[in-house]
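Here the structure comes first, spelled out in structure tokens, and everything after it is commentary.
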Amino acid sequence: MKQQNLAINELREAVLRMPADRLSATRTAAIASLKQNGLPTLRHEDWKYTDLRPAIEISNQWLAAGANNTASDTVADAIATITSSLDANWLLITNGVIDTSHFDRGASIEIARFSDTSAPPLADKPLADLNAALLNDGLKIHVHAATEKPLGLLIIDAADTGASVSQVNIEIKIAAGCDAELIEYQASLGTQDSYCNSIISMQVEESAHVSYVRIQDRRIGHTQTARQSISMGAASDLNMASYDLGGGLIRNDLDIDLNAPHANVVFNGLYLAGDGQHIDNHSRVDHRVGPASSSQEYRGILNGRCRCVWNGKAIVHKGADGTDANQSNHNLLLSDHAEIDAKPELEIYADEVKCSHGTTVGQLDETSLFYLRTRGLDRRQAKQILTHAFAADLVGRTPIDMTRDTITALVGARLAVLIQEELL
Amino acid sequence: MLEIKNLKVRIGDTEILRGLSLSVKAGEVHAIMGPNGSGKSTLAQVVAGHEDYVVTAGDVTYMGNNLLELDPEIRAREGIFLGFQYPVEIAGVNNAYLLKAAVNAKRLHQGLGEIDAFEFLKVAREKMATLGMDPKFLNRGVNEGFSGGEKKRNEVLQMAMLEPRLAILDETDSGLDIDALKAVAQGVNALRSPERAIVLVTHYQRLLDYIEPDHVHVLSEGRIVRSGDKSLAHELEEKGYDWLREVANA
Amino acid sequence: MSSENIESIVNRRYEHGFITDIESHGLPPGLDESVVRAISTLKKEPQFMLEWRLQAYRQWREMTEPTWAHVHYPPIDFEGISYYSAPKSDADKPQSLDEVDPKLLETYDKLGIPLHERARLAGVAVDAVFDSVSVATTFKAKLSEAGVIFCSFSEAVREHPELVQKYLGSVVPRRDNFYAALNAAVFSDGSFVYIPKGVRCPMELSTYFRINAANTGQFERTLIIADEGSHVSYLEGCTAPMRDENQLHAAVVELVALEGAEIKYSTVQNWYPGDENGVGGIYNFVTKRGDCRGDNSKISWTQVETGSAITWKYPSCLLRGNNSVGEFYSVAVANNMQQADTGTKMIHIGANTSSTIVSKGISAGHAQNAYRGLVKVMPQAHGARNHTQCDSLLIGKNCGAHTFPYMEIKNPSAKIEHEATTSKISADQLFYCRQRGISEEDAVNMIVNGFCKEVFKELPMEFAVEAQALLNVSLEGAVG
Numbered sequence: 574m575k576q577q578n579l580a581i582n583e584l585r586e587a588v589l590r591m592p593a594d595r596l597s598a599t600r601t602a603a604i605a606s607l608k609q610n611g612l613p614t615l616r617h618e619d620w621k622y623t624d625l626r627p628a629i630e631i632s633n634q635w636l637a638a639g640a641n642n643t644a645s646d647t648v649a650d651a652i653a654t655i656t657s658s659l660d661a662n663w664l665l666i667t668n669g670v671i672d673t674s675h676f677d678r679g680a681s682i683e684i685a686r687f688s689d690t691s692a693p694p695l696a697d698k699p700l701a702d703l704n705a706a707l708l709n710d711g712l713k714i715h716v717h718a719a720t721e722k723p724l725g726l727l728i729i730d731a732a733d734t735g736a737s738v739s740q741v742n743i744e745i746k747i748a749a750g751c752d753a754e755l756i757e758y759q760a761s762l763g764t765q766d767s768y769c770n771s772i773i774s775m776q777v778e779e780s781a782h783v784s785y786v787r788i789q790d791r792r793i794g795h796t797q798t799a800r801q802s803i804s805m806g807a808a809s810d811l812n813m814a815s816y817d818l819g820g821g822l823i824r825n826d827l828d829i830d831l832n833a834p835h836a837n838v839v840f841n842g843l844y845l846a847g848d849g850q851h852i853d854n855h856s857r858v859d860h861r862v863g864p865a866s867s868s869q870e871y872r873g874i875l876n877g878r879c880r881c882v883w884n885g886k887a888i889v890h891k892g893a894d895g896t897d898a899n900q901s902n903h904n905l906l907l908s909d910h911a912e913i914d915a916k917p918e919l920e921i922y923a924d925e926v927k928c929s930h931g932t933t934v935g936q937l938d939e940t941s942l943f944y945l946r947t948r949g950l951d952r953r954q955a956k957q958i959l960t961h962a963f964a965a966d967l968v969g970r971t972p973i974d975m976t977r978d979t980i981t982a983l984v985g986a987r988l989a990v991l992i993q994e995e996l997l
Numbered sequence: 583m584l585e586i587k588n589l590k591v592r593i594g595d596t597e598i599l600r601g602l603s604l605s606v607k608a609g610e611v612h613a614i615m616g617p618n619g620s621g622k623s624t625l626a627q628v629v630a631g632h633e634d635y636v637v638t639a640g641d642v643t644y645m646g647n648n649l650l651e652l653d654p655e656i657r658a659r660e661g662i663f664l665g666f667q668y669p670v671e672i673a674g675v676n677n678a679y680l681l682k683a684a685v686n687a688k689r690l691h692q693g694l695g696e697i698d699a700f701e702f703l704k705v706a707r708e709k710m711a712t713l714g715m716d717p718k719f720l721n722r723g724v725n726e727g728f729s730g731g732e733k734k735r736n737e738v739l740q741m742a743m744l745e746p747r748l749a750i751l752d753e754t755d756s757g758l759d760i761d762a763l764k765a766v767a768q769g770v771n772a773l774r775s776p777e778r779a780i781v782l783v784t785h786y787q788r789l790l791d792y793i794e795p796d797h798v799h800v801l802s803e804g805r806i807v808r809s810g811d812k813s814l815a816h817e818l819e820e821k822g823y824d825w826l827r828e829v830a831n832a
Numbered sequence: 004m005s006s007e008n009i010e011s012i013v014n015r016r017y018e019h020g021f022i023t024d025i026e027s028h029g030l031p032p033g034l035d036e037s038v039v040r041a042i043s044t045l046k047k048e049p050q051f052m053l054e055w056r057l058q059a060y061r062q063w064r065e066m067t068e069p070t071w072a073h074v075h076y077p078p079i080d081f082e083g084i085s086y087y088s089a090p091k092s093d094a095d096k097p098q099s100l101d102e103v104d105p106k107l108l109e110t111y112d113k114l115g116i117p118l119h120e121r122a123r124l125a126g127v128a129v130d131a132v133f134d135s136v137s138v139a140t141t142f143k144a145k146l147s148e149a150g151v152i153f154c155s156f157s158e159a160v161r162e163h164p165e166l167v168q169k170y171l172g173s174v175v176p177r178r179d180n181f182y183a184a185l186n187a188a189v190f191s192d193g194s195f196v197y198i199p200k201g202v203r204c205p206m207e208l209s210t211y212f213r214i215n216a217a218n219t220g221q222f223e224r225t226l227i228i229a230d231e232g233s234h235v236s237y238l239e240g241c242t243a244p245m246r247d248e249n250q251l252h253a254a255v256v257e258l259v260a261l262e263g264a265e266i267k268y269s270t271v272q273n274w275y276p277g278d279e280n281g282v283g284g285i286y287n288f289v290t291k292r293g294d295c296r297g298d299n300s301k302i303s304w305t306q307v308e309t310g311s312a313i314t315w316k317y318p319s320c321l322l323r324g325n326n327s328v329g330e331f332y333s334v335a336v337a338n339n340m341q342q343a344d345t346g347t348k349m350i351h352i353g354a355n356t357s358s359t360i361v362s363k364g365i366s367a368g369h370a371q372n373a374y375r376g377l378v379k380v381m382p383q384a385h386g387a388r389n390h391t392q393c394d395s396l397l398i399g400k401n402c403g404a405h406t407f408p409y410m411e412i413k414n415p416s417a418k419i420e421h422e423a424t425t426s427k428i429s430a431d432q433l434f435y436c437r438q439r440g441i442s443e444e445d446a447v448n449m450i451v452n453g454f455c456k457e458v459f460k461e462l463p464m465e466f467a468v469e470a471q472a473l474l475n476v477s478l479e480g481a482v483g
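Residue numbers (this note's numbering), protein chains in the order written: chain S, 574 to 997; chain P, 583 to 832; chain G, 4 to 483.
So, in structure tokens, the structure goes:
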């Protein structure tokens, strides 16, 4: 298997065509880093199940074609549909370009562009250099106080007139003691290739409480790599739920750092995959100080020819006494051609800890199926009910009430398509 | 209504029913009693159509048709209801949703339209009230986190909603306190009618104080070894099941 | 390389006629083709064996040491290791225990293994390996009556070349991994077992391994073949005397279970782990793999790992036959500066295969203990079942317990369950026990033995007792 390399020269030329601004120096550093380190390959332990070559191929084609993103008018319809379904205060990033026209500037949220302030230093994470090299502009968001509506981040890519490659970088700070609700919605449209590489970093300050909903509903076949780095302050809370419904090659990295005592993190996820999809959820929780707790449950439903990866890692550093870390992952495999690779990891260097993980892979429970049949439901109907039920539990865990109906509808619609193929 | 002739059933390599015959007519209440392991629950599961139980000999006819050919859901739609000894918990499936889906499956089978949602809720709430069930159970997962008594009441609720022709209640009395037992008995008695048959599978005579059977059968080692009226149940209560072994071996 | 060239290298290196000159038949440190040839010559091996070794050696040269394990150690100087040593009494091997060098027996006694007594009382046939050559084999007659072949690997190569040629490397290929390739090139000796069709081996088979000579790599190779419908239980136990320099051990164990056959392989490993500062101790890089080649076959691994400075070991099962069963029961203790990275691989290939993994890791002192496991269900492995239970117990603040399970599931009918927990011996538990009059040491032993119970019950009786005692010794001073 030959590793295809990113076309560095074309990339450098594309960067040179970008306007000189406060991001320029980081772009130059990023190119050097890319040239030296390249992108992760299957030989990297964290990437052993996910091959980035499709992302590289799309990027190279896009660079060769002049590195232009042109969105058609149809994107406006898509934006309208999403923003009207969820009543949030929306910030848009369309094909990598920040659009604040839907955003209602109030006293509680402050926003600034990297180009008007400064670009963050280059992060030492895979794909951060690709992001920094081609980043058009990034956003800094400071949430000072509780907001009436959730803050919405709509990251949308249109690839209808040509291939699209976009970089997104958002830095969020949630002020001490603040209650914040955030919705991140990643979507895409168009029949051409699309690749979006996003980085969202969030600093949750002392005693802040954050509810975070992540919806990924990209067009089947489109590519996304998304990294979220979250740092938790003392006695802060994060309750997060993510829903992966669409996309082709999807790789999500969630890094959570518990740096101060009494932080509490709950994150749950649901992934639904059908033909041609590859959905990879990696998470890493660093318990650096205790007492603190982290808990995650991810569930997957796989049908058709697809592959999903779940890798949850909890690291309890020396001295992080009072850590309570829990991971669980459950998968429903419905097709002969679906594959799940699951890897729950614990690295523990302290002894006052409670850590556990559980993973299951299986099918619908035969006893439940029989029970439903004795109540007059046929096998197919019973299977549908139980499959929906498997997902419903996760839908119910959205931390933002007003998103529940939308998520229920999106999950229901995706599942209906996913399991319409013969289940019996 | 239900005719069982010389039924032999095994699960895995173990033969559990060894030539059981039973005839149940409309309007009758039968009690099937017997010690643990005698095959009572197997009989209930076989009539409901559980696929792990293999029928090796005998016939079961229901309403004049061969029951053994039918899938479990068809049997249910034809009016057979099994109240499970251990009702399964199904997290994430709303109780009301299941109830409505089951009612509609039966109605469609009968050529009727789907039940009106408002009508459904009204009927369900009424039935729950008579069973002493909190209406909030409708919005919980099926049997999820229910106590033993709540599960059994939920079974009776489903039965009341589905209005079966033949109801088989497998150890519905086990694990119930006296109030729950009365509520369950009341629910069952409310269903008694000339068109309907009820089969009570039970280990103890206690339930029969509240639901009076027309016929009592004693099952031992996979066969009915004695049949009689309700006085047989009292006899069992006094003598226990040990004397049966002699009868069975004789 | 032409044969003349090889010849000239051999001659250059050993121009003084190494076989007779080297005292105790040991080879000087270093590894090249001539060393491989010399080992083969010393053992009077047939040509096929030499060819096999040479190919392995050439493959090994192309390979690099694995670095993925969660262990750290200074680089190993493969040129500083002697690849063959033998005790002096090799020339005329004792035919019975009476003929065994009394000094050797004394060493066994010091290690707490009264060999002859154990052999007589427990009815165990013992193929004791001192350094690299077999010195005592008993109960041969009884075994040969049943048609069982139980002998040293060297003997098997000479006496049963057809069996060796058929099965050697068929489970662990020469180039499977760096250490397996090294072993294939230079393996010194080990055990060979063949159980004929339908035979239930009349006794438990046992081997005791020792590492004694300084700077000697120990490269054991064990091959067990259970023919159709046969059954065998094999016990392996090891201790090593105190030593300051690290010693490399890279063994290979291959098990083949044909249709309906069952192999139970039990290990108690308590090689020298180094002192409390991490000085000395064995590097234990082992490749153990069983192949359930026939339908309805079963391979069960049970291990109690308390020794070695570094353990790198994953006894695995290839579940090829339909309805085949793989089991892995493990207790791994790491105290002081020990590092263990151990676990298993269960590869489900046939239909209705099932596997069970129970892993109990205990970390104390400054030790690092990792479970690493793979459960893989191939697309054709319909109806595969796995249950994994993976528990860690921490004693003290400075140790680490890690879990790296991999699950790769490619068949929708698979039922896979994995659970892992981490717990510690708490001050409350200890205080409670002490308040009831139990010493802290006893309380720890009690809790640890309870934690490991599920695995101990899989061990043959006398081994279970030894394992429990060993655990207590290994954890001496872990609390307090």
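Every residue gets a Cβ at the ideal spot worked out from N, C-alpha and C, and that includes glycine. Only a predicted model underlies this, so the values are computations on that prediction, with no experimental measurement involved.
Ordered along the chain, which non-local residues of its own chain (more than five positions away) have a Cβ less than 6 Å from that of glutamate 660 (chain P)? Result list for glutamate 660 (chain P): empty, nothing under 6 Å.
Have a look at G:Ala41, G:Glu68, G:Arg64 and flag the residue whose alpha-carbon is nearest the alpha-carbon of serine 85 (chain G). Checked all of G:Ala41, G:Glu68, G:Arg64; the closest Cα to serine 85 (chain G) is G:Ala41.
Residues of the region 752 to 777 of chain S in Cβ contact with chain G at a cutoff of 8 Å, in chain order, please. Listed in sequence order: no entries.
Would you say histidine 785 (chain P) lies against chain S (beta-carbon separation less than 8 Å)? Closer than 8 Å: no.
Range covered by the alpha helix (DSSP H) that runs through histidine 715 (chain S): Element bounds for histidine 715 (chain S): not the alpha helix (DSSP H) but the beta strand (DSSP E), 712 to 716.
Residue from S:Leu967, S:Leu615, S:Val588, S:Thr614 with nearest C-alpha to alanine 603 (chain S): Nearest C-alpha to alanine 603 (chain S): S:Val588.
Report yes or no: is there a C-beta of chain S within less than 8 Å of the C-beta of glycine 293 (chain G)? Not closer than 8 Å to any Cβ of chain S, the Cβ of glycine 293 (chain G) fails to qualify, so no.
Kindly list the residues whose CB is nearer than 6 Å to the CB of threonine 933 (chain S), restricted to its own chain and excluding five residues on each side of it in sequence; keep chain order. Closer than 6 Å at Cβ, skipping near neighbours: His903.
Using the beta-carbon of each residue, which ones in chain S are nearer than 8 Å to aspartate 653 (chain P)? Chain S residues near aspartate 653 (chain P): Arg946, Asp951, Arg952.
Are the region 608 to 620 of chain P and the region 788 to 801 of chain P touching, with three or more C-beta to C-beta distances below 8 Å? For the pair of segments examined, the region 608 to 620 of chain P was found to touch the region 788 to 801 of chain P: the number of CB pairs separated by less than 8 Å reaches three.
Alpha-carbon to alpha-carbon, alanine 260 (chain G) and aspartate 702 (chain S): Straight-line measurement puts the Cα of alanine 260 (chain G) at about 52 Å from the Cα of aspartate 702 (chain S).
What are the residues of the region 923 to 938 of chain S that lie near chain G, defined by any Cβ-Cβ distance shorter than 9 Å? Taking 9 Å as the Cβ-Cβ cut-off against chain G, the residues of the region 923 to 938 of chain S that qualify are Ala923, Asp924, Glu925, Val926, Lys927, Cys928, Ser929, His930, Gly931, Thr932, Thr933, Val934, Gly935, Gln936.
Chain-ordered neighbours of glutamine 740 (chain P) on chain S, where CB pairs are closer than 8 Å: Neighbours of glutamine 740 (chain P) on chain S, chain order: Arg948.
Host beta strand (DSSP E) of histidine 691 (chain P) (start-end): For histidine 691 (chain P), there is no enclosing beta strand (DSSP E); the residue is part of the alpha helix (DSSP H) that begins and ends at 677 to 691.
Short Cβ contact (8 Å threshold) for glutamine 936 (chain S) with leucine 906 (chain S): Going by C-beta atoms, glutamine 936 (chain S) is nearer than 8 Å to leucine 906 (chain S).
Can you list, in chain order, the residues of its chain with a C-beta nearer than 6 Å to that of glutamine 392 (chain G)? Leave out the 5 residues immediately preceding and following it. Val361, Glu422.
Would you mind listing the alpha helix (DSSP H) stretches within the region 637 to 664 of chain S that are 4+ residues and don't spill past its ends, in chain order? Note on the region 637 to 664 of chain S: whole alpha helix (DSSP H) runs with a minimum of 4 residues are 647 to 658, in chain order.
Integer Cβ distance of asparagine 448 (chain G) from asparagine 475 (chain G), believed to fall under 8 Å: That pair is a contact at about 5 Å.
Residues, ordered as in the chain, of the region 387 to 418 of chain G that lie near chain S by beta-carbon distance below 8 Å: Cβ contacts with chain S: Ser395, Leu397, Ile398, Gly399, Lys400, Asn401, Cys402, Gly403, Ala404, His405, Thr406, Phe407, Pro408, Tyr409, Met410, Glu411, Ile412, Lys413, Asn414, Pro415, Ser416, Ala417, Lys418.
Rounding to the nearest angstrom, what Cα-Cα distance links proline 77 (chain G) and valine 282 (chain G) in this structure? When rounded, the distance between both Cα atoms is 12 Å.
Residue from G:Glu36, G:Leu396, G:Glu65 whose Cα sits closest to the Cα of leucine 57 (chain G): Selected option, being the one with the closest Cα: G:Glu36.
May I have a chain-ordered list of the alpha helix (DSSP H) segments no shorter than 4 residues that lie completely inside the region 942 to 994 of chain S? 952 to 968, 977 to 991, all fully within the region 942 to 994 of chain S.
Against chain G, which members of the region 851 to 875 of chain S pass a CB distance test of less than 9 Å? The residues in question are Leu875.
Glutamate 912 (chain S) in three-state terms, based on DSSP: Here glutamate 912 (chain S) sits in strand by DSSP.
Cβ neighbours of histidine 632 (chain P) in the same chain (closer than 8 Å, five flanking residues each side left out): For histidine 632 (chain P), where only same-chain residues beyond five positions count, the Cβ hits under 8 Å are Pro654.
For the beta strand (DSSP E) holding asparagine 742 (chain S), just list the boundary residues, first then last. Following the DSSP letters along the chain, one finds asparagine 742 (chain S) inside the beta strand (DSSP E) bounded by residues 737 to 747.
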